[in-house]
Amino acid sequence: MRRWGIRKKVLVVTLVPTLLTTLMLGLFFTYSWVNNIESLLQDRGESLSRQLSAGSEYGLFTANRSLLSSLSNALLEEQDVRSITFFDSEHNRLLHTGPGSSDDIGKDTLTGEEAVRVTRTDSTVFVTPVYLQDLMIESMLDPDSRQNVGAGKKPIGWVTVEMSHIRTEKETYKALLISLLLVLGGVLLSLMIALRMSRSFTDPVFELNEAVAKLKEGKLDTRVYTRAGPEFEQLESGLNAMAGELSKAQAEMQQNIDQATEDLRETLETIEIQNIELDFARKEALEASRIKSEFLANMSHEIRTPLNGIIGFTELLLKSPLPRQQRDHLSTIRKSSEILLTIINDILDFSKIEAGKLILDRIPFQLRDIVEEVMVMLAPAAHSKNLDLVPLVYNDVPDNIMGDPLRVKQVITNLVNNAIKFTQTGEVVLRASLEEEDKESNRITLRLSITDSGVGLSRAQQQSLFNAFSQADASTARQYGGTGLGLAISKRLVEEMGGKIGLESELGKGSTFWFTLTSELSSNGEAIAPKDSLRGERAIYLDQQKTTGLAVEHMLREWGMTVDRVSSPGAMQEQIEEAQKEQSGYAVAVVGITRHLLNSSQYCSLVRSLELERDCRTLLLTPTLETHDTPLSGLASGHLTKPVCRDSLYDELLLLVHGISNRQRQLPDHSHAISRELPTQSTRVPRVLAVDDNDANLKLVMTLLNDCGVVAEGATSGFEALSKARQHSFDLVFMDLQMPGMDGVETTERLRSLDGASHRTPIIALTAHALAEEQDRLIQQGFDGYLAKPISNSQLIDIIHDYTGYTCHPDPDDGHLPVPEVRDTRRSVRPSTRKKQPDCVSVAESVQLAAGKADLAEELFSMLIEQIHTDINQVPALWSKGDMDELLECVHKLHGATRYCGVPELRAAANQLETALKCAAPDMEYQKNQLLAAMERLQTWSEQTDWQQLFRQQNPRQATVD
4 MRRWGIRKKV
14 LVVTLVPTLL
24 TTLMLGLFFT
34 YSWVNNIESL
44 LQDRGESLSR
54 QLSAGSEYGL
64 FTANRSLLSS
74 LSNALLEEQD
84 VRSITFFDSE
94 HNRLLHTGPG
104 SSDDIGKDTL
114 TGEEAVRVTR
124 TDSTVFVTPV
134 YLQDLMIESM
144 LDPDSRQNVG
154 AGKKPIGWVT
164 VEMSHIRTEK
174 ETYKALLISL
184 LLVLGGVLLS
194 LMIALRMSRS
204 FTDPVFELNE
214 AVAKLKEGKL
224 DTRVYTRAGP
234 EFEQLESGLN
244 AMAGELSKAQ
254 AEMQQNIDQA
264 TEDLRETLET
274 IEIQNIELDF
284 ARKEALEASR
294 IKSEFLANMS
304 HEIRTPLNGI
314 IGFTELLLKS
324 PLPRQQRDHL
334 STIRKSSEIL
344 LTIINDILDF
354 SKIEAGKLIL
364 DRIPFQLRDI
374 VEEVMVMLAP
384 AAHSKNLDLV
394 PLVYNDVPDN
404 IMGDPLRVKQ
414 VITNLVNNAI
424 KFTQTGEVVL
434 RASLEEEDKE
444 SNRITLRLSI
454 TDSGVGLSRA
464 QQQSLFNAFS
474 QADASTARQY
484 GGTGLGLAIS
494 KRLVEEMGGK
504 IGLESELGKG
514 STFWFTLTSE
524 LSSNGEAIAP
534 KDSLRGERAI
544 YLDQQKTTGL
554 AVEHMLREWG
564 MTVDRVSSPG
574 AMQEQIEEAQ
584 KEQSGYAVAV
594 VGITRHLLNS
604 SQYCSLVRSL
614 ELERDCRTLL
624 LTPTLETHDT
634 PLSGLASGHL
644 TKPVCRDSLY
654 DELLLLVHGI
664 SNRQRQLPDH
674 SHAISRELPT
684 QSTRVPRVLA
694 VDDNDANLKL
704 VMTLLNDCGV
714 VAEGATSGFE
724 ALSKARQHSF
734 DLVFMDLQMP
744 GMDGVETTER
754 LRSLDGASHR
764 TPIIALTAHA
774 LAEEQDRLIQ
784 QGFDGYLAKP
794 ISNSQLIDII
804 HDYTGYTCHP
814 DPDDGHLPVP
824 EVRDTRRSVR
834 PSTRKKQPDC
844 VSVAESVQLA
854 AGKADLAEEL
864 FSMLIEQIHT
874 DINQVPALWS
884 KGDMDELLEC
894 VHKLHGATRY
904 CGVPELRAAA
914 NQLETALKCA
924 APDMEYQKNQ
934 LLAAMERLQT
944 WSEQTDWQQL
954 FRQQNPRQAT
964 VD
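Next comes the structure, spelled out in structure tokens:
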């Protein structure tokens with residue numbers, strides 16, 4: 004009904020009530036009329052039958068047919084009477100008058116004593132019994148007696164009067180026809196009224212619609228006058244007024260259009276002039292962009308050139324055997340140089356991102372290695388501010404994921420570096436956890452968060468923090484420095500990798516920067532060997548930095564070790580002593596030292612007591628600062644710098660607990676950018692020319708080439724390179740691009756002119772340029788390959804093999820063979836003693852054995868120490884030769900010397916070995932090792948202790964003289 008028109012709705016509202024009312028009235032009156040006609044027919048039939056019954060009493064009693072016939076003929080003259088029949092008391096028909104037959108009246112109908120009505124299809128039969136009346140005068144005068152005549156008497160006959168339905172049906176049809184005509188008349192009258200009313204309402208509406216359509220077409224001179232009533236007159240006036248206003252507005256608009264057209268003509272002339280100016284400005288902007296790109300390339304070259312020498316010579320030093328401290332310092336130099344490279348990369352990456360030329364790699368990598376590399380690289384900056392720098396990678400985080408490791412490392416470095424920069428006290432913690440895992444698609448989502456206890460950020464600072472060249476505020480920028488690109492680049496990189504980045508911070512309460520990394524698991528990653536060699540071992544751990552302690556304890560428990568935490572040096576010493584008394588000592592004691600405890604006498608005493616008195620191996624965890632000159636540096640068996648890396652900690656524990664060295668240094672496998680076909684294998688030593696105007700870089704390349712075993716020549720300019728190329732042909736040329744006089748591109752063009760039809764010298768661009776479009780441009784300029792500074796020995800070996808087919812055979816010091824690390828200790832490492840041992844030295848016993856003479860005891864002890872220096876090498880030599888007699892004599896002499904000195908442990912070990920040698924006991928080798936361990940322990944004690952002063956303190960007279 005919502006979509007019906009006004010006319011249809013008016014018709015429905017008008018016709019439906021009228022039609023329903025007319026139908027209901029017509030039905031009611033027709034029904035009443037028909038009922039009245041039927042009632043009249045029945046009343047007349049009953050009345051005639053009663054009259055006939057009263058009049059035929061004598062005729063039936065006397066069976067006078069003529070009398071009955073006269074009665075019936077007189078009654079047949081009545082309207083609607085069809086036939087009359089008389090029956091005697093025996094149900095026999097005496098007389099029938101009228102059409103039809105009375106045989107169809109059953110005898111069961113004539114048995115009743117009351118009047119009966121039989122209805123047929125076209126007539127109704129009224130059957131009335133006839134009784135014999137009392138003819139007495141008094142009874143005739145009594146009406147009641149006449150009504151009760153038949154009571155208790157048997158009728159003398161029956162009278163039937165058949166009334167026809169023909170006239171009744173005619174009256175019924177007549178009534179129906181009249182009712183139908185009345186209903187139709189009422190409906191037609193209502194329809195005419197409704198049409199008239201709807202037209203008087205809809206015609207003005209149509210006129211208004213037509214007027215609106217004309218106004219819509221733009222015929223603003225249209226006016227409407229419906230004369231349909233006050234309501235429509237108000238609408239008409241409003242519509243006419245609106246048309247007038249529109250007409251006026253159109254006129255004004257046309258005037259404005261004319262004025263605007265004129266102004267537009269003038270504007271177009273101005274725009275034409277501005278277009279010419281913009282064209283000039285665009286050319287200037289393109290030129291400025293080219294100058295910026297050239298500036299970035301030159302800046303990259305100028306900074307990377309000295310970095311190439313720093314990193315290269317650092318790697319050369321790392322190839323040689325070095326003590327741990329020097330190796331750590333060189334590693335710090337190399338990693339610090341890498342930090343400088345990240346600053347350069349930030350600027351170049353920002354340019355690539357803005358230009359839309361950033362390309363992400365998709366290779367398998369290990370997240371834990373990247374986290375540890377970043378932490379080790381940034382540890383010196385954190386420890387210089389006494390910050391606790393801790394990585395926490397949870398066990399459920401997989402280590403074989405696909406992605407761009409350099410970009411992930413770049414994001415982590417930026418966030419951790421920012422946390423260190425804006426934190427003065429407390430800690431910086433990196434947490435890596437598994438946020439979501441989809442095993443069906445083999446995809447995971449990792450969440451990495453960096454939490455610090457620094458200055459924090461307000462809400463206003465947080466909103467603009469990820470914008471380029473934006474920092475917290477001006478004062479912070481002056482205090483902490485920085486370009487303001489780190490977070491902007493990190494945000495773009497994370498978004499490019501399909502993740503999200505954000506922060507949670509409160510001013511004065513620190514900040515938490517987080518980002519998610521969605522990646523696939525690598526199916527072809529290298530299998531990681533399980534670290535089960537330390538399972539079941541016991542360790543005791545002391546560290547004042549709770550978060551670092553949690554991380555180290557987490558790693559130890561992951562390897563199956565049992566870890567007991569203590570809170571103080573005294574508690575550690577007491578717990579180790581109690582454990583050794585119970586014959587279940589600890590395999591190693593791990594001691595974490597903060598910066599202000601490096602020179603602590605309490606910790607020095609603890610480490611000395613554990614190493615010398617308890618024979619328990621100690622592992623020191625110290626900040627990445629100058630620790631080799633501290634008293635603790637030479638006391639502990641093991642030493643690692645914080646933050647602790649998994650592999651380094653495992654290898655160090657493996658060495659301290661089991662005496663197994665599992666440390667091998669591996670160089671990363673770098674590959675250059677340009678793909679090429681590999682030549683056939685060649686055994687001829689190639690001749691290689693290196694061209695570089697920087698003396699340090701040239702010296703580095705020449706050193707690396709000489710280590711590769713090729714014939715190498717150097718040139719410091721393009722002119723020198725051309726001169727040497729004319730004298731000798733080279734199999735490979737490394738060419739620097741930016742050189743004074745003749746640059747690398749021009750030199751390459753001239754070298755190409757020297758190539759013959761059968762020989763083309765491969766030329767590799769050796770440059771610090773790092774722009775993305777540099778590679779294609781170099782290929783077009785005649786170069787065969789591209790190698791970005793800083794370079795490594797592995798890159799040179801790969802390029803020499805790819806272009807000449809020669810496989811380099813490096814010396815053991817070139818980095819391709821494992822180089823054993825020189826430990827800064829003066830004794831071999833043996834496992835900890837798990838049970839209580841006799842004292843290593845007892846000064847009081849020595850003085851007692853020397854008859855109370857401290858000076859004699861000192862002299863005897865000095866003689867024993869000198870003898871040990873000889874015997875500690877002679878005993879294993881004799882054992883290896885199998886000369887048991889000489890070994891027995893040597894041990895016997897040593898045993899005799901220990902009898903006059905207070906060395907209970909060595910005396911017992913010498914006694915047991917001497918007895919085993921005399922008896923040829925099966926545990927001779929074990930006793931020999933115990934003797935060597937006791938000798939080593941005594942030798943270490945003498946080196947670490949001022950024993951002369953201890954003996955002199957036993958002699959009061961000599962102490963007073965001193």
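Counting from 1 along the sequence shown, just add 3 to a position and that's the residue number in my numbering.
Yeah, the Cβ is synthetic: ideal placement off N, Cα and C, and Gly gets one too.
With which residues is R690 paired in a DSSP beta bridge?
Its beta-bridge partners are V714.
N-terminal and C-terminal residue of the beta strand (DSSP E) that L392 is part of:
From DSSP, the beta strand (DSSP E) with L392 extends over D391 to V396.
Can you list, in chain order, the residues of its chain whose CB lies under 7 Å from that of E430, leaving out five sequence neighbours each side?
Here the set comprises L390, D391, V393, S456 and T550.
Quick check on the burial criterion: 16 or more other C-beta atoms within 10 angstroms. Buried or exposed for V19?
Classified as exposed, V19 has fewer than 16 neighbouring CB atoms from the shown chains inside 10 Å of its CB.
Use the C-beta contact count for E540: other C-beta atoms within 10 angstroms, 16 or more gives buried, fewer gives exposed.
Taking all protein chains shown into account, E540 has 16 or more neighbouring C-beta atoms within 10 Å of its C-beta and is therefore buried.
Supposed close pair F368, G315 - CB separation, criterion 8 Å
By a beta-carbon distance limit of 8 Å, F368 does not contact G315. Their separation comes to about 25 Å.
E117 in three-state terms, based on DSSP
Three-state result, E117: coil.
Which runs of the alpha helix (DSSP H) at least 4 residues long sit entirely within the segment 851 to 927? Give them in chain order.
Segments of the alpha helix (DSSP H) lying fully in the segment 851 to 927: 857 to 884, 887 to 901 and 907 to 922.
Distance, A718 Cα to A724 Cα:
Rounded to the nearest angstrom, the two C-alpha atoms are 5 Å apart.
Here's the rule I'm using: 16 or more other beta-carbon atoms within 10 Å means buried, otherwise exposed. How should W161 be labelled?
Result: buried.
Alpha carbon to alpha carbon, how far is L754 from K645? Give it in angstroms, no decimals.
Between the alpha carbons of K645 and L754 lies a gap of roughly 52 Å.
Taking the alpha carbon of A791 as the point to measure from, which residue in D739, R337, Q730 and A924 has its own alpha carbon closest?
In terms of CA proximity to A791, D739 leads the group D739, R337, Q730 and A924.
Cβ neighbour criterion (16 or more within 10 Å) applied to Y61
Y61 counts as exposed, since fewer than 16 other C-beta atoms from the protein chains shown sit within 10 angstroms of its C-beta.
Span of the alpha helix (DSSP H), counted from its first residue to its last, around T550
Counting along the chain, the unbroken alpha helix (DSSP H) around T550 starts and ends at K549 to E561.
Where T225 falls: helix, strand or coil (DSSP)
Under the three-state reduction of DSSP output, T225 falls in the coil class, being neither helix nor strand.
Who are the near neighbours of P671 in its chain, counting only those whose CB is closer than 8 Å to its CB and skipping five residues on each side?
Annotation note: pLDDT 36 at P671 (below 50); position unreliable, coordinate value reported separately. Non-local beta-carbon contacts of P671 in its own chain, meaning distances under 8 Å to residues more than five positions away in sequence, involve S795 and S797 in chain order.
Would you be able to state if there are at least three C-beta pairs under 8 Å between the segment 879 to 888 and the segment 863 to 870?
No, they do not touch.
Boundaries (first-last residue) of the alpha helix (DSSP H) holding V844:
First-last for V844: undefined, no H or E at that position.
What are the partner residues of G406, as DSSP defines its beta bridges?
Answer by DSSP bridge pairing, in chain order: I366.
Can you look up D567 in the DSSP assignment and give me helix, strand or coil?
Here D567 carries a strand assignment [DSSP, helix/strand/coil].
One question on the structure: do T980 and G505 come within less than 9 Å of each other, judged by their Cβ atoms?
The requested residue 980 does not occur in the structure, where the chain is confined to residues 4 to 965.
For S732, which residues from the same chain have a beta carbon less than 8 Å from its beta carbon, with the 5 sequence-adjacent residues on both sides left out?
Closer than 8 Å at the Cβ level, and outside the excluded window around S732, lie R690, H762 and T764.
Would you kindly check if the distance between the Cβ of I579 and the Cβ of R538 is under 9 Å?
Note that the C-beta distance between R538 and I579 is not below 9 Å.
What do you get for F31, buried or exposed, if any count of 16 or more other CB atoms within 10 angstroms of its CB means buried?
Burial call: exposed.
Residues sharing a beta bridge with R541, DSSP:
Under DSSP, R541 forms a beta bridge with T565.
Element boundaries [beta strand (DSSP E), containing I802]:
Here I802 belongs to no beta strand (DSSP E); instead the alpha helix (DSSP H) covers N796 to T807.
Can you check which of these residues, L799, W950, S756 and I802, is closest to C843 by C-alpha distance?
Comparing Cα-Cα distances from C843 to each of L799, W950, S756 and I802, the minimum goes to W950.
For E509, name the three-state secondary structure that DSSP assigns.
It is coil, neither helix nor strand.
Roughly how many whole angstroms lie between the Cα atoms of L852 and T901?
Answer to the nearest angstrom: the Cα atoms are 10 Å apart.
Rounded C-alpha distance that separates E716 from A693
Going from the Cα of E716 to the Cα of A693 covers about 6 Å.
With H, G and I counted as helix, E and B as strand and the rest as coil, what does DSSP make of D746?
Residue state, collapsed to three classes: coil.
Excluding five sequence neighbours on each side, which residues of the same chain lie with their C-beta closer than 8 Å to the C-beta of L1017?
Residue 1017 is absent from the model: the chain starts at 4 and stops at 965.
Beta-bridge pairing of G788 - partner residues as DSSP gives them
Answer is I767, bridged to G788.
Go ahead and pull the three-state DSSP assignment for H762.
H762 carries a coil assignment under DSSP once its states are collapsed to helix, strand and coil.
Below 8 Å, can you find three or more Cβ-Cβ pairs linking the segment 26 to 44 to the segment 54 to 70?
When Cβ pairs closer than 8 Å are counted between the two stretches, the segment 26 to 44 is seen not to touch the segment 54 to 70, the count staying below three.
First and last residue of the alpha helix (DSSP H) that includes H661?
Element bounds for H661: R649 to H661.
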